[in-house]
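Input: a single structure, listed below in structure tokens.
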Amino acid sequence: MSSGVDAGCERCGCHGKDRHPAILYTLLSQQLRPGGARQRCLCPLRRTVCLRTPHLTCRAASHVLLKTISFVRNVAAFRLLPREDQLLLLDGCWVPLFLLGLVQEMVTFEVMEAPAPSMLKKILLSGQSKGQEPEGTQPTLAAVQRLQWCLSSFWRLDLSPSEFTYLRGAVLFNPDIPGLRAALYIESLQWEAQRALRELLRPEDQARFSHILRVTSSLRSIPAGLVTALFFRPLIGGAAMGELLAEMLFEAPGWPPAPWLPLPC
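Residue numbering for the sequence shown follows my numbering, beginning at 965 and increasing consecutively.
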């Protein structure tokens, strides 16, 4: 298996000091290899993937996100915070909160190799600005495997509903987010949520508390761009996820609105 990955890395130039531009390297390689057949990169760091059943997985993800925002809206202490702090906390915590929702709802998903764009499309898009066609927005196999590992780690914890509730509070009230006006108050709220979570456990199970916090920290390492691209980009297209989340929080309790309902088949 490793030899195949290494061979793929050699073809795509993702290892080593001399990294070739993808299009130029492919064109030159076609001239050098007998038959000129273009081979796909096998390296997990570059191999792009997509959902195998987007119509089912995206619908489940939308349901989880709606429940996540509903939870945030219904936390009385959160509603008392300045609006600016609410937006900062939402932007900083929606990914781990959403992933906790996937864990609790037992949402599983499979991916498959994404169709490769044609060489003509690559050449045409190479002259566009980064804002029009950002590179690397398609999820990679390595990134998705990391995400699935984090979810599996949580499933092995077998959290109770009460543990999920207090853990969500500890994740939501993150005082380390830059720019918070009420950082000290938010820190006290996080401490209260963690204390309540610890008190759920028996004295002999206190090691479980530290383990829960360690596994939770792994959720913060999952990029928002990956979650958006994998679960929501098929629905929202080029819309900004942050703006949609703010709309859900302050203006649209019945999300998703009608334009979001048609799902890819």
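Positions of the beta carbon are idealized from the N, C-alpha and C atoms, including for glycine.
Going by other Cβ atoms of all chains shown within 10 Å of its Cβ, with 16 needed for buried, is residue i buried or exposed?
i	result
S1174	exposed
R1002	At R1002, the pLDDT of 45 sits below 50, so the modelled position is not reliable; the number obtained from the coordinates is stated separately. It is exposed - the Cβ of R1002 has fewer than 16 other Cβ atoms within 10 Å.
R1145	exposed
E1215	exposed
Q1068	buried
M1205	buried
R1047	exposed
R1159	exposed
G1133	buried
L1131	buried
Report the CB separation of residue i from residue j in whole angstroms; it is logged as a contact under 8 Å.
i	j	result
F1073	V1028	Their Cβ separation, rounded to whole angstroms, is 12 Å, which puts F1073 and V1028 out of contact at 8 Å.
A1041	L1161	Going by Cβ atoms, the distance from A1041 to L1161 rounds to 16 Å, so no, they are not a contact pair.
V1036	L1213	7 Å
Q1112	A1078	Wrong, their Cβ atoms sit about 17 Å apart, outside the cutoff.
S1126	L1177	Incorrect: roughly 16 Å between the Cβ atoms, too far for contact.
L1104	R1166	Correcting the residue identity first, residue 1104 is Thr in this sequence and not Leu. With a Cβ gap of about 42 Å, T1104 and R1166 do not count as contacting.
Does the beta-carbon of residue i, which I'm using as the reference point, lie nearer than 7 Å to any heavy atom of the ligand MG?
i	result
A1040	No copy of the ligand MG appears in this structure; indeed no ligand is present at all.
Give me whichever residues DSSP pairs with residue i in a beta bridge.
i	result
E1077	V1013
T1104	T1012
Got a sec? Which residues, its chain only, sit under 8 Å from residue i by beta carbon, not counting five neighbours each side?
i	result
V1135	C1057, P1060, L1061, L1064, T1180 and L1183
A1210	L1051 and L1054
V1108	V1013, V1075, L1190 and L1194
E1151	F1137 and P1139
D1049	L1144, R1145, A1146 and I1150
If I measure Cβ to Cβ from residue i and keep anything under 7 Å in the same chain, skipping five residues before and after, which residues do I get?
i	result
K1031	G1065
T1192	M1205
S1116	none
R942	Shown here, the chain extends from 965 to 1229; a query on residue 942 therefore has no answer.
F1128	L1064 and Q1068
Among residues of its own chain, excluding the 5 on either side of residue i, which ones have a beta-carbon nearer than 6 Å to its beta-carbon?
i	result
D1169	none
Residue ranges of each beta strand (DSSP E) within the segment 1137 to 1217, 3 or longer: Within the segment 1137 to 1217, no complete beta strand (DSSP E) run reaches 3 residues.
Completely contained alpha helix (DSSP H) runs for the segment 1037 to 1075, where each covers 4 or more residues: 1040 to 1043 and 1047 to 1068
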